[in-house]
Each structure stands twice: as structure tokens, then as C-alpha cells.
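Heads up: the structure comes next, in C-alpha cells.
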Amino acid sequence: MRFRLITKNPLQIKFILLILLAILLPMFIVGGCLYYFIFQIMAEQLAIPESIACNLFPVVEKINFLLMVSIPPITILLFILAIILTNRLIGPLQRLENDLKKISEGDYSIRLKIRKDDDLRLMAEVINKIVDKLEGQRQ
């Protein structure tokens, strides 16, 4: 079985979108507020003394440049992080679902294999005990 970061499970897509929304929405709100503040200052530049304006506009240009340069890589990095995090959640759920389908079809030799550090470990152990009892009753 090949290791894939993106599965065909719709739950993973939902989690990726939720993570991206939770990260990008505040980022764009803060960026929009910052831009509004900057353009508000520029619109009122006539009221700013020339000595302050000479110091202020290079700072505004640097902020604009930093935002334009940093937002795309941060967005890509966050997307990759979202894929990795959802894979750590969806992978065990996918294995659990596949094994439970086999058990429901009558194959009681299947045991759920979950990593030690996985949050689903306790549930898998309980299911394995149930399958042991079913297999014992069947024999």
C-alpha cells in the first residue's frame, strides 16, 4: 500500500478547508485592516507635514512589499501543514473504517492496528476485544 498525503476521503477535504479557513480568514482580515489604515493615512497625506510624510511613505512601501512577499509562501506552508495534519487524523480513520468493513463481512481474524501515539488507540483496543469475543463465540 502506497503512502498518500491526500486521500479520497471527503472528510480530509473538509478538515483541510476548515483549517485553511481558520488560518487564512483572520490573516486576510488583519491584512485588510492594515491596508485600510495605510490607505487612510495616504488619503489624508495633505494633512501630514512633509517631514513626517517623507519618513512615513518608505515605511508604507516596506510594509506593502513585506506583505506581498510573505503572504504567498505562508499560505503555501499553511496548506502543506493542513494536509499533513489532516492525514494524521484521516489515515487512522480510513484504516479503522476498512478493517471494520472486513469484520462486518465476517472476517474475525482482522485486528485493528493503530500506532501507539494515536488518539484512536483506546477505541481500537476495545473493538479488538469485541472481535476476540465474537471469534470465541463463533468457534
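Heads up: the sequence shown is residues -18 to 120, going by my numbering. All residues carry an ideal CB built from backbone N, CA and C; glycine is no exception.
Distance, residue j Cα to residue i Cα
i, j, result
"Ile52", "Leu(-2)", "18 angstroms"
"Met(-18)", "Lys(-5)", "Confidence at Met(-18) is low in this model, with a pLDDT of 49, below 50, so its placement is unreliable and no value can be given for it."
"Val50", "Lys83", "50 angstroms"
"Ile10", "Lys97", "40 angstroms"
"Pro(-9)", "Glu42", "42 angstroms"
"Phe18", "Ile95", "51 angstroms"
"Cys35", "Gln75", "59 angstroms"
"Ile4", "Ala105", "32 angstroms"
"Phe20", "Pro54", "25 angstroms"
"Arg119", "Lys110", "14 angstroms"
Pair within 8 angstroms by beta-carbon distance, residue i and residue j
i, j, result
"Ile91", "Asp99", "no"
"Gln172", "Thr67", "Within the shown structure, residues of the chain are numbered from -18 to 120, placing residue 172 beyond reach of any answer."
"Val112", "Tyr89", "yes"
"Thr(-12)", "Ile71", "yes"
"Ile64", "Leu(-14)", "yes"
"Leu48", "Gly13", "no"
"Leu93", "Leu77", "yes"
"Pro73", "Leu37", "no"
Of the listed residues the options, nearest to residue i (C-alpha basis)
i, options, result
"Val40", "Ile22, Ser85, Ile57, Asp88", "Ile22"
"Ser85", "Glu116, Pro73, Lys(-5)", "Glu116"
Range of the contiguous alpha helix (DSSP H) that encloses residue i
i, result
"Asp113", "102 to 119"
* Asked: Would you call the stretch 57 to 65 and the stretch -3 to 14 in contact, with 3 or more CB pairs under 8 angstroms?
  -> yes
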